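Protein chains in written order, with the working numbering: chain A, 20 to 193; chain B, 337 to 459. Every residue gets a Cβ at the ideal spot worked out from N, C-alpha and C, and that includes glycine. These numbers come from a predicted model, not from an experiment.
What follows is the structure in structure tokens.
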């Protein structure tokens, strides 16, 4: 099954690939998620939202289809409020990310949540906390009947991948 | 003779609740608040069942279970998981691979918790 088909058919998907292929695989994942969703909540854990937005425009995708949760920009400056982006104070503010998730689903009508890249959180948090957080997000996604995609980099944490595997509908190794 | 249940959970109120349910029904309990402490206790204790929380800081229940299965002294122990999230179909297959006999979702019904423990221990 190709990635687009998997993202269409499965509710919660974990995608694992090596760090060296991040840029190339990310574009494929964005295209596949874009094709399987009405509106995407893009949780920027690895790059600030403006970098992702610029990438989305370059790919010729409709930017209006995206709502961003940016955990990086506020760590370097105070961003001006935006309608299409929720700024979270820092990557370790997991409760705030969870609240932004709820806003994306309830107020912005997002039907797919893309976590790019969940394993980046291992820099800031204990793996147990990241797993608890991810589990909580997955439960919220199931209850709200929205899809979610979790990108992880192979090198970041084998244990994180093994634990998340227990709760997702499909694991895709690229 | 009373059966012994080991409870491993990082949340003290859950440990206390499970301990109270089990001890008031004739079980003996051993408790640990982290996976590492649980594994240390298993070097000496030989419980009839290990009730493992899935999500713990430091070492997850899955990781603890893998270590139990790798150790010749503990590999045959009966293990069940307690979790706040539901396992996916992929996850349920992993449970079989790890020989995890059941899983209980938090918050649980006390009677259901007790009945499932009784059933597994009596097998």
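- Taking the C-beta atoms as reference points, residue 120 of chain A is found no nearer than 8 Å to residue 78 of chain A.
- Judged by their CB atoms, residue 175 of chain A and residue 117 of chain A are not nearer to each other than the 8 Å cut-off.
- Counting along the chain, no beta strand (DSSP E) covers residue 92 of chain A, and no H or E run does either.
- Its chain contains 88, 134 as the residues whose beta carbon lies nearer than 6 Å to that of residue 62 of chain A, once the 5 sequence neighbours on both sides are disregarded; these appear in chain order.
- Between the C-alpha atoms of residue 110 of chain A and residue 98 of chain A there is a straight-line separation of about 15 Å.
- About 5 Å separates the beta carbons of residue 136 of chain A and residue 170 of chain A, which is inside the 8 Å limit, making them a contact pair.
- Contact of residue 420 of chain B with chain A is assigned, a C-beta pair being separated by under 8 Å.
- Inclusion of residue 342 of chain B and residue 386 of chain B in the CB contact set at 8 Å is warranted, their separation being smaller than that value.
- Identification of chain B residues near residue 157 of chain A by a Cβ-Cβ cut-off of 7 Å yields 421, ordered along the chain.
- Here DSSP, grouped into helix, strand and coil, assigns residue 44 of chain A to helix.
- Taking 8 Å as the threshold, the shortest C-beta distance from residue 182 of chain A to chain B falls below it.
- Taking 8 Å as the cut-off, the beta carbon of residue 370 of chain B is found closer than this to the beta carbon of residue 395 of chain B.
- Shown here, residue 401 of chain B sits in a helix according to DSSP, grouped into three states.
- Below the 8 Å Cβ cutoff, chain A contributes 188 as neighbours of residue 425 of chain B, in chain order.
- Of all residues in the segment 27-41 of chain A, only 31 place a beta-carbon less than 8 Å from a beta-carbon of chain B.
- Contact annotation: in the segment 140-168 of chain A, residues whose CB is within less than 7 Å of a CB in chain B are 145, 147, 148, 150, 151, 154, 157, 158.
- The Cβ neighbour count for residue 34 of chain A, taken over all protein chains shown within 10 Å, is at least 16; the residue is labelled buried.
- Straight across, the Cα-Cα distance linking residue 106 of chain A with residue 436 of chain B is about 41 Å.
- Using beta-carbon distances, residue 178 of chain A counts as an interface residue toward chain B, with a partner under 8 Å.
- Straight-line spacing of the CA atoms in residue 50 of chain A and residue 23 of chain A works out to 8 Å.
- Here the C-alpha atom of residue 43 of chain A lies approximately 34 Å from the C-alpha atom of residue 390 of chain B.
- Shown here, residue 167 of chain A sits in a strand according to DSSP, grouped into three states.
- For residue 135 of chain A, the three-state secondary structure derived from DSSP is strand.
- Against chain A, a Cβ distance below 8 Å from residue 362 of chain B picks out nothing, because the smallest value is about 32 Å.
- Contact between residue 346 of chain B and residue 457 of chain B fails: their C-beta atoms lie close to 24 Å from each other, not under 8 Å.
- Residue range 415-419 is occupied by the beta strand (DSSP E) that includes residue 417 of chain B.
- Inter-residue distance for residue 129 of chain A and residue 86 of chain A is about 8 Å (C-alpha atoms, whole angstroms).
- For residue 123 of chain A, the number of other beta carbons within 10 angstroms of its own is at least 16, and it is reported as buried.
- For residue 143 of chain A, the CB contacts under 6 Å within the same chain, skipping 5 residues up- and downstream, are 110, 111 in chain order.
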